[in-house]
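The sequence shown runs 0 to 785 under numbering that gives the first Met the number 0.
Backbone N, C-alpha and C define an ideal beta-carbon position, used for all residues, glycine too.
Just below is one structure, and these are the notes that go with it.
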Amino acid sequence: MLEDKKECQKLKLPEVEHLLHYLANRKTEYVAQAKTKLSEKPSDPGAFESTEIDEQANIVDVEDYMELLYEDIPEKVHASALILQLARNPDNLEELFNNETLIGALARVLKEDWKSSYDLSINIIYVFFCFSSFSNFHPVIAHFRIGAQVMTVLEHELQKYEMWKEELARKRQAAAGSGKDGKRDLEKATRKFKTLVKKQEQLFRVSFYMLLNISEELSVEVKMKAKGIVPMLCRTLDRDNYELQILIVSFIKKLSIFKENIDELLKVNVMERLHHVLKQFKTCDDLLNITLRLILNLTFDRRMRAQLVKIGMLQTLMQYMIDKQRLRRTSMLDQEMRRLFALVKHGWTARGIKELPTYARTRDELVIENVHENHKNIVLCILYHVSHDDEHKAKFFHTDCVSLLVKLITESREELIDIEVMSLAVNLACDPTLAEVLAGKDGKGIRIFMKRAFRFKDSVLMKMLRNISEHESEKLKMLFVNYISDLGRVIVDPGDYGDDFALECLGILANLNIPDLDFRLIIEEYDLVEWIRKQLQPGAQTPDDVVLQVIILVGTICNDDSCARLLAEAQVVQTLIELLNAKQEDDEVVCQIVFVFYQLIFHETTRNILIKETQAPAYLIDLMHDKNVAIRQVCDLTLDIISEFDPDWGRRIQLEKFKWHNSQWLDMMEGGQPAAGPGLGGVDDFDPRGYDGDEALNHPELFYGDDLARVTGAATPDMIYPGDEGPPRPYDRPPNGMGFSPMDATSLADQAMMGGLMAYDEFDRPISADLLDQYQNINVTADDYR
């Protein structure tokens, strides 16, 4: 290799032999087999034009270089370049650090002459950047306040950049209506602008990199934030320099973990700027990856998610979920071989130079790689964050997200699908429209998902199916009917499926409140009544989430008259009352138990059991004024129906309502003083259920007008709640999250009794103290009461 260049043999032969020996004995690693690792940290700024000089710097001549710092600008630039040459070698940093006079001179020149020369500013800031790479040198940077000075330089340069753009825009506008001279001036101004921007971006790189290094101390970062580092970084995001953008995005990513910085980023519309980066640098994997990670950090904030959706970034993100392949030519030559070629290249003959590329090409190969493989999981996490907000779920309908999720789920070769994919699918299944898309045409998606879930015992996939089954669409619910037997089998005996899987199966079965569905078959096949009683026993130590789903299942089963009778005869109502006592602090459990009572009231057989054989009405009276609105609503509805069918309970219910509404007046009539509180004296500590004046108040004229017939118990639920579309179905499931239909907080009976004449406090009690005269003049008809 060296025979044609005799003068190189003595100097280069030992190194060439060493490299060849290494290449002969090294382990071969094919590039095609190695997965590309994306850089998490921006690369070193490297050498700029201003830092490259022909002269070789020597540590012994530092004093001479320092003297040049007191000369004119050209000498200062030359001296700073030589000092930078020394500083770029880590072995010299300790000695330079100990020369306090030199460091002070560099800080002084930067402070006084930074406006005089770009090259001078770049060289000096680069020297301090070298020091900032090591934490033990940070005190010298803080001592001379280099960070504050650099931020002053950056702010000035950003303002200059805005002025340059405005000036170029004016010249472009002026050249539009001029001839060749105007176009020539515009081209000249454009070239000058690009040259200045290039030099400015070199200054930005070393400056921001130095600030990034010293910001590892939290106190320093706080000072930077106070001086406006966040707006400075965001204003630099519109540059076209790839290396600079990696640095800026990395810096913002570091700052994005603090809420105070999030507030600043919101003010400067950082999402819109990052959207621009994503669209501008589509092929730069390192920059794309770190930008997506920054967006992931930002989307932990609800306001940022709203901004992301508003600017239409969802569609852009979807591009990185689609697998795209490209051919990339990769060389098998490692760095040592490249060094060898560089070493001997200039000594080769024309024949040797011609043969070298031929040899290299024989070692090259084409590699097929997935372009977005490194970005897919990050994008899925971002979309998962966006799907937290109900108002944003509908936006996914206008993207390919759901179809891609279905593809990822059905084509996965692993037993358990990636958690990022399933988390997003679970959230999107909560939206009615997207749930229908997931279910597929004619329920094809449900069939595939069910088959896969049971095959691989995937509880997360089952959770997605449970979310789909929660929607009110009867069409969606009917898609699960064919799997009721499988669900019942797993519920009773989970076996290898596990408790989590069984819980999701229980949730799906509880959601199937379909009118014509015969639950009796499944109850008898798997003896669900006894299983339900065991799960609801207060001492059974059943997990709370299982207890809640079992109660919901009971409410669903009670839609059917025969099933409701089986449950009532099996003492399930008494078990629920015991559970109500044990779980009275859990509003959701209490609410669902009360809803079961509401369902049982609609069936004649269970109505008599509930009213005559249990104390359920008494518990409903106790819950009639609960702080939870949903509990109050369903209690009012249930008690109204009980009043119609049982005169004794009806009088007691009316009495309790009267005492509650008139507690202040009753207290004053007994000779006491109303306690301090809202309204006319507050009743926060008054308990009307403990009042002992029942007999004195037991007068019908206090409750009814003269022309209102007494309740006989002959009315039915259909008579009480007629409507244009016919009588309501007792199995109708309420639409809201708690399981009950939305109504006004004030019950129907209260509205009828009070005639709409009074103002109520937060506990549905009238603010007026003396209502006796008003009650005597109320004329309530049967229609009003209904």
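- Per DSSP, reduced to three states, the secondary structure at ARG412 is coil, with no helix or strand assignment.
- Annotated three-state conformation of TRP113 is coil, per DSSP.
- Excluding residues up to 5 positions away in sequence, GLY444, ILE445, ILE467, LEU475 and LEU478 lie with their Cβ nearer than 8 Å to the Cβ of ALA438 in the same chain.
- Residue state for VAL459 is assigned as helix, using DSSP reduced to three classes.
- Taken in chain order, the complete alpha helix (DSSP H) segments of 4 residues or longer contained in the stretch 253-334 are 258-266, 269-279, 284-297, 301-309 and 312-317.
- Sequence-distant partners of PRO431 (beyond 5 residues in either direction) whose C-beta falls short of 6 Å from its own C-beta, in its chain, are HIS470.
- The DSSP-derived three-state label of MET623 is coil.
- Looking at CYS400, ARG465 and LEU638, the one whose alpha-carbon comes closest to that of LEU316 is CYS400.
- Across the set ASP90, ILE630, LYS392 and PRO493, the C-alpha of ILE630 shows the shortest separation from the C-alpha of TYR597.
- Following the DSSP letters along the chain, one finds GLY506 inside the alpha helix (DSSP H) bounded by residues 498-510.
- Distance between TYR64 and SER79, taken at the CA atoms: about 8 Å.
- Annotated three-state conformation of SER214 is coil, per DSSP.
- For GLU263 and ILE521, the gap between their C-alpha atoms comes out near 59 Å.
- Taken in chain order, the complete alpha helix (DSSP H) segments of 4 residues or longer contained in the stretch 459-498 are 473-477 and 483-491.
- The stretch 556-564 and the stretch 503-521 touch, with no fewer than 3 CB-CB distances between them shorter than 8 Å.
- About 6 Å separates the beta carbon of LEU119 from that of LYS75, a gap short enough to meet the 8 Å contact definition.
- The Cβ atoms of VAL126 and LEU68 lie no closer than 7 Å to each other.
- With contacts defined by Cβ atoms closer than 7 Å, LEU295 and ILE381 form a contacting pair.
- Remark: fewer than three beta-carbon pairs, one from each stretch, lie closer than 8 Å, so the stretch 102-116 and the stretch 191-200 are not flagged as touching.
- In this structure, the beta-carbon distance from GLN201 to ILE121 falls below 7 Å.
- Residue environment analysis places PRO616 among the buried positions, since at least 16 neighbouring C-beta atoms fall within 10 angstroms of its C-beta.
- Per DSSP, ALA393 lies in no alpha helix (DSSP H) and is assigned neither H nor E.
- In the displayed model, ILE630 falls within a helix according to three-state DSSP.
- Here LEU236 carries a coil assignment [DSSP, helix/strand/coil].
- Only residues of its own chain outside the window of five on either side were considered, and among them VAL491 have a CB closer than 8 Å to the CB of ASP526, listed in chain order.
- Only residues of its own chain outside the window of five on either side were considered, and among them PRO44, GLU242, LEU243 and LEU246 have a CB closer than 7 Å to the CB of ARG204, listed in chain order.
- Here VAL553 really is in contact with VAL571; their C-beta atoms are around 7 Å apart, less than 8 Å.
- A check of alpha carbon separations from ASN91 across ASN57, GLU166 and ILE72 identifies ASN57 as the nearest.
- Around the beta carbon of PHE250, 16 or more other beta carbons sit within 10 angstroms, so the residue counts as buried.
- Between MET461 and GLU503, the CB-CB gap stays under 7 Å.
- Inter-residue distance for LEU291 and ILE228 is about 21 Å (C-alpha atoms, whole angstroms).
- Taking a contact to require three or more Cβ pairs closer than 8 Å, the stretch 163-178 and the stretch 91-105 do not qualify as touching.
- Within a 10 Å sphere around the beta-carbon of ARG304 sit 16 or more other beta-carbons, which makes this residue buried.
- If you draw a 10 Å sphere on the C-beta of GLU156, you find 16 or more other C-beta atoms in it, and that means buried.
- DSSP, reduced to helix, strand and coil, places ASP645 outside both helices and strands of the structure shown, so it counts as coil.
- Collapsing the DSSP output to three states places GLU524 in a helix.
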